[in-house]
Amino acid sequence: MAPGRRKGGARGKANDQLKLGDLVLAKVKGFPAWPAKISNPEDWGHSPDPKKYFVQFFGTSEISVCRVQASKSVDTSRQLKNEASW
């Protein structure tokens with residue numbers, strides 16, 4: 001029998017702490033997680049949904065609405081620390 005799925009686990013920032021402009025790894029079904037930033041849906045002519053995040057992907061500038069669990073915050077301070085150690 002396969003082991004059960006872990007509940008909880010590390011998820012970066014708490015869901016209620018993500019705000020406009022935050023960097024995230026957003027996952028859309030059928031595609032790998034991709035860097036994106038939380039955007040304002042009204043700027044793009046969409047209505048806000050409190051259960052989902054509106055993101056704009058880097059590189060492609062495409063937009064999407066992702067569920068809260070599908071977005072993981074990016075810890076830029078840890079990445080900058082690693083780059084500084086080179």
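For the sequence shown, the UniProt record's numbering assigns the number 1 to the initial residue and increments by one for each residue that follows. Ideal Cβ placement from N, Cα and C applies to all residues, glycine included. Nothing here was measured: the structure is a model prediction, and the numbers come from that model.
Residue i bridges to which residues according to DSSP?
i, result
"SER47", "DSSP lists no partner for SER47."
Can you check which of these residues, the options, is closest to residue i by C-alpha distance?
i, options, result
"PHE57", "GLY30, GLN17 and SER39", "SER39"
"SER61", "PRO32, LYS19 and ALA36", "ALA36"
"ASP43", "VAL55, PRO50, LYS51 and TRP34", "VAL55"
"VAL65", "LEU18, GLY21 and ALA26", "ALA26"
Terminal residues of the continuous beta strand (DSSP E) containing residue i?
i, result
"VAL24", "23-26"
"ALA64", "The question names Ala, but residue 64 is Ser in the sequence shown. Taken as a continuous stretch (DSSP letters only), the beta strand (DSSP E) holding SER64 covers 63-67."
"PRO35", "34-38"
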